[in-house]
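Residue numbers for the sequence shown follow my numbering, so the first one is 7 and each next one is one higher.
No residue lacks a Cβ here, since even glycine has one placed at the ideal position from N, Cα and C.
From a predicted model like this one, the values you see are computed outputs, not experimental measurements.
Take a look at the structure set out below.
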Amino acid sequence: MLSKVLDFTNKRINSTLGQIGQHLNESDKYPHVKQTHIEELKAFIGLLYFRGLYCLNNHKTNILFSERFGIPVFGACMSRQRFEFLMAHICFDEIASRPERWQHDRFAAIRYFFEDCNKNFAKALVPEDYLSL
Numbered sequence: 007m008l009s010k011v012l013d014f015t016n017k018r019i020n021s022t023l024g025q026i027g028q029h030l031n032e033s034d035k036y037p038h039v040k041q042t043h044i045e046e047l048k049a050f051i052g053l054l055y056f057r058g059l060y061c062l063n064n065h066k067t068n069i070l071f072s073e074r075f076g077i078p079v080f081g082a083c084m085s086r087q088r089f090e091f092l093m094a095h096i097c098f099d100e101i102a103s104r105p106e107r108w109q110h111d112r113f114a115a116i117r118y119f120f121e122d123c124n125k126n127f128a129k130a131l132v133p134e135d136y137l138s139l
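This is the structure in structure tokens:
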């Protein structure tokens, strides 16, 4: 499941790199603009989970990564610019075919991810006879 998210995200990042490629070569102002890998994706998801755990979803990223007010684990994992870049480029489906799928499926943007999650949940939970929802 993560490998699909990684592939889709890297395709989206490559699209951005193609659009701004000439500016990246001119200076080293943008070290955070590059493809991601599986370990970094896991760290990113962990930071998102950590953000929710501490009820910091409504806080801006400059507060989360602040040396004075932020939680040290955020700055220890990655830079604020890299976190924001990944947040802007995370992708759960094939963007090229999304408009076609969107006409028939309004859940197209995360359909693959949602179906994989449901399959994994079904493996983990075996309902008994007296289950109530």
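Exposure of residue i, with buried meaning 16 or more beta-carbon neighbours within 10 Å
i, result
"D99", "buried"
"T22", "exposed"
Within 7 Å, strictly: CB atoms of residue i and residue j
i, j, result
"T67", "E90", "yes"
"W108", "A114", "yes"
"L59", "L12", "no"
"T42", "I96", "no"
"L53", "C83", "yes"
"F71", "R86", "yes"
"M7", "D135", "no"
Start-to-end residues for the alpha helix (DSSP H) that takes in residue i
i, result
"M84", "First-last for M84: undefined, no H or E at that position."
"R107", "R104 to W108"
"I152", "Nothing can be reported for residue 152: it is not among the residues displayed for the chain, which extend from 7 to 139."
Through-space distance from residue j to residue i, alpha-carbon basis
i, j, result
"L62", "R74", "16 Å"
"P37", "F120", "32 Å"
"K125", "K17", "25 Å"
"N20", "A130", "35 Å"
Residues near residue i in its chain [Cβ-Cβ closer than 7 Å; skip 5 each side]
i, result
"R117", "D99 and D111"
Closer than 7 Å to chain C by CB, residue i
i, result
"E100", "You won't find chain C in this structure, because it holds only one protein chain."
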